[in-house]
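The structure is reproduced here in structure tokens:
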């Protein structure tokens, strides 16, 4: 499909074409393994986010966080080529990829059968474990790029699981989410079409930026006019956050202390969704 045709086709036809491709490749959904998983999936379908405050013991989570921080800080001298620490000094952020190699208890989290079952029951059978990271956000009053409301994707799934390894309060960078904004709705369509055009065809000089961030007036419309509830995901160390980041969400800037966590991302690889184009042939 040419760039010109993408602009000319009715939005509904563009979305229908790619939704059909997505669900065909996605392979449907598996059944929840038990009642607990079913309850989690039902809540995610309704809200797009859920917080489980006692997924693992607080003391175990705190100890794991400290071990991972020490291991991550030592990475420049460590002989672990698969593990990479990405340091974003301007955002006060460190993300260590393939963090399952740093500690056996981290691997336990990334291979947790309940989380994998919920991901495949909520999203689709063929989602894969796409990113396994340890995240440090310890610097106070340093604003990050994700500290503004945004959506990650248009209509396809990106399912995330966050395990807090410190106590997370209002001042220590909690995750925030606007409930129900993951569901299909007329207000989403302009954002989705812009993301679709940018991701598949680009470049920005033709289609503009990705368009997935929200200005204050747009957020006010969602919360005040449409009545969507904002949830701030606080909890003690050991809390688990499950979320569909098609919904409107953001990180927050730490102001009283830092935060450590593990992040497990599931998605259907884009190369399995889209036909090759100049933009995505290398994805």
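Numbering (the numbering used here), first residue to last: 1 to 283.
A virtual CB, placed ideally from N, CA and C, is assigned to each residue, including glycine.
Check                                                                                                                                                                          : Outcome
Give the range of the beta strand (DSSP E) segment to which residue 137 is assigned.                                                                                           : 128-137
With a threshold of 8 Å, are at least 3 pairs of Cβ atoms found where one atom belongs to the stretch 97-105 and the other to the stretch 243-256?                             : no
So what's residue 263 in DSSP terms, helix, strand or just coil?                                                                                                               : strand
Say whether the stretch 151-171 touches the stretch 231-238, bearing in mind that this needs 3 or more beta-carbon pairs closer than 8 Å, one atom from each stretch.          : yes
Looking only at C-alpha atoms, which of 199, 56 and 85 sits nearest to residue 69?                                                                                             : 85
Short of 7 Å in beta carbon distance, which residues of its chain neighbour residue 298, apart from the five on each side in sequence? Order them along the chain.             : The chain is shown only over 1 to 283; residue 298 falls outside these bounds and no answer can be derived.
Between the beta-carbon of residue 251 and the beta-carbon of residue 154, is there less than 8 Å?                                                                             : no
I'd like to confirm the pairing. Which residues does DSSP put opposite residue 321 in its beta bridges?                                                                        : Nothing can be reported for residue 321, as the shown portion of the chain is limited to 1 through 283.
Closer than 7 Å by C-beta to residue 137: which residues in its own chain qualify, once you throw out the five before and the five after it? Chain order, please.              : 92, 93, 173, 254, 258 and 259
Excluding the 5 residues preceding and the 5 following residue 33 in the sequence, name in chain order all residues of the same chain whose CB lies nearer than 6 Å to its CB. : 117
In chain order, what residues of the same chain have a beta carbon less than 8 Å from the beta carbon of residue 31, not counting five sequence neighbours either side?        : 121
By alpha-carbon positions, which one of 129, 183 and 262 ends up nearest to residue 61?                                                                                        : 262
Measure how close the beta-carbons of residue 247 and residue 151 come, nearest whole angstrom, since I'm counting them as under 8 Å.                                          : 7 Å
Figure out for me which residue from 244, 264 and 41 has the closest Cα to the Cα of residue 135.                                                                              : 264
Go ahead and label residue 54 buried or exposed: buried means 16 or more other beta carbons lie within 10 angstroms of its beta carbon, across all protein chains shown.       : exposed
Round the Cβ separation of residue 148 and residue 88 to the nearest angstrom and send it over; I've been treating them as touching at under 8 Å.                              : Not confirmed; about 16 Å, so no contact.
So what does DSSP say about residue 88, is it helix, strand or coil?                                                                                                           : strand
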